[in-house]
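2 protein chains.
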Amino acid sequence: MEYHDLQALIWVQLARSHSEEVIGMTDELRALVEQLKAVSHPLRLRVLALLEPGELCVCQVAEVLQVPQSSVSEALRELRRAGFLVERKDGRWVFMSVVPKKKASPLLKGLLTEAGALPAVQQDRARALEVKALSIPTVCSKVQKLSAADQKPTHV
Amino acid sequence: MEYHDLQALIWVQLARSHSEEVIGMTDELRALVEQLKAVSHPLRLRVLALLEPGELCVCQVAEVLQVPQSSVSEALRELRRAGFLVERKDGRWVFMSVVPKKKASPLLKGLLTEAGALPAVQQDRARALEVKALSIPTVCSKVQKLSAADQKPTHV
DNA sequence: TTTATAATTCGATATTTTCCGATATATCTT
DNA sequence: AAGATATATCGGAAAATATCGAATTATAAA
Numbered sequence: 008m009e010y011h012d013l014q015a016l017i018w019v020q021l022a023r024s025h026s027e028e029v030i031g032m033t034d035e036l037r038a039l040v041e042q043l044k045a046v047s048h049p050l051r052l053r054v055l056a057l058l059e060p061g062e063l064c065v066c067q068v069a070e071v072l073q074v075p076q077s078s079v080s081e082a083l084r085e086l087r088r089a090g091f092l093v094e095r096k097d098g099r100w101v102f103m104s105v106v107p108k109k110k111a112s113p114l115l116k117g118l119l120t121e122a123g124a125l126p127a128v129q130q131d132r133a134r135a136l137e138v139k140a141l142s143i144p145t146v147c148s149k150v151q152k153l154s155a156a157d158q159k160p161t162h163v
Numbered sequence: 008m009e010y011h012d013l014q015a016l017i018w019v020q021l022a023r024s025h026s027e028e029v030i031g032m033t034d035e036l037r038a039l040v041e042q043l044k045a046v047s048h049p050l051r052l053r054v055l056a057l058l059e060p061g062e063l064c065v066c067q068v069a070e071v072l073q074v075p076q077s078s079v080s081e082a083l084r085e086l087r088r089a090g091f092l093v094e095r096k097d098g099r100w101v102f103m104s105v106v107p108k109k110k111a112s113p114l115l116k117g118l119l120t121e122a123g124a125l126p127a128v129q130q131d132r133a134r135a136l137e138v139k140a141l142s143i144p145t146v147c148s149k150v151q152k153l154s155a156a157d158q159k160p161t162h163v
């Protein structure tokens, strides 16, 4: 057994939660549940639906959804873990998009059909078009300032 | 406004969790997330998949999945809340089945396609056939004894 | 009515998840 | 090199969820 196989095995073992142990659960069932958990969260679901039409970088997503950048980053990580997204790095920017192969899966197809019909998702996508019209540095700096504005004001 | 409308409104208001408030979330998005949460749980997912071929009563499900009856009851309640299942009462037995209309929804169709391919789910369904060959009282009493057997033994 | 049976709800603990500011890392620019 | 910029990870308190025995409710049988 190779070293990285061993590492993967250890990871999988550690990743088994208590609640999963109680039910006799196979790896395949576990994997499906993990995918469902990844999308059963308002922000993560919106992010996934937002990326269906095409890739966006982290700060673009943060700006569109008006959410702290660290929250977006964490949402993307979970969706990547579940196998829905891939990242493409370009300099300091990280673009995320839906894994093409996954788009064919019954679950994701059904989910995106249902999500795409939601007014909230359609609004998000409309807003994404506006944000994409701006330059990325502009959007990124806006997002940075947004979190900086939350600092408690220091007096003179 | 009718009384029951007011009650429903109050319920919806109370049902809004903290995490849902943080993201600006519409009712429709909330509803979809609730559906996904309902199925992103190993037992609940197995129960839903188990019921696809046809209705079963609570004790039959408990026997097939070898799980405490109260856990099954709670799983069924969540799946009903999410709109996936309906109940049919016959005496003291409660039979649950998938809402026919829901079977046409993209999400549930995709989910059941994916779940139905899992070996664990196929095994559950095979076991359901065996259990259905027995009379319901037989199965129910077996389930009762199963939980009774977990009592700490009293000595002489 | 009393007893038995099937299912639900409760109670209480343990575990998991969420959230975001603060901090760290990685990459570009000067 | 130092500074700026974009993203990732951490910390840890608050909220939500899971679990299952015990108590409760609802229906049926004796």
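Protein sequence lines, in the order shown, are assigned to chains P and V.
Counting in the numbering used here, the first sequence runs from 8 upward without gaps.
Counting in the numbering used here, the second sequence runs from 8 upward without gaps.
Built from N, CA and C at the ideal position, the CB exists for glycine as well.
Since we're looking at a predicted model, the values are computed, not measured.
- Rounded to the nearest angstrom, the Cβ distance from A122 of chain V to L52 of chain V is 6 Å, consistent with a contact under 8 Å.
- By the Cβ-count criterion, L125 of chain P is buried, with 16 or more other Cβ atoms from all chains shown falling within 10 Å of its own Cβ.
- 9 Å or more divides the Cβ of Q42 of chain P from the Cβ of A111 of chain P.
- By the Cβ rule, the segment 132 to 147 of chain P does not count as touching the segment 80 to 96 of chain P, because fewer than three pairs are nearer than 8 Å.
- Inter-residue distance for L58 of chain P and D131 of chain P is about 10 Å (C-alpha atoms, whole angstroms).
- Out of V:A38, V:E35, V:K44, V:A69, the CA that lies nearest to the CA of K149 of chain V is found in V:A69.
- Inter-residue distance for V74 of chain P and I143 of chain V is about 53 Å (C-alpha atoms, whole angstroms).
- With fewer than 16 other Cβ atoms inside 10 Å of its own Cβ, P107 of chain V counts as exposed.
- The closest CA to that of L141 of chain P, considering only P:A127, P:E35, P:M103, P:Q67, is found on P:Q67.
- In the same chain as P60 of chain V, and ignoring 5 residues on each side of it, the C-beta atoms closer than 7 Å to its own belong to R132, in chain order.
- Shown here for L50 of chain V: same chain residues with a beta carbon closer than 6 Å to its own, the five before and five after excluded, namely A82 in chain order.
- K96 of chain V has a beta carbon lying at 9 Å or more from every beta carbon in chain P.
- In this structure L55 of chain P touches L86 of chain P by the C-beta definition: roughly 6 Å separates them, less than 8 Å.
- Assigned with DSSP and collapsed to three states, R95 of chain V falls in strand.
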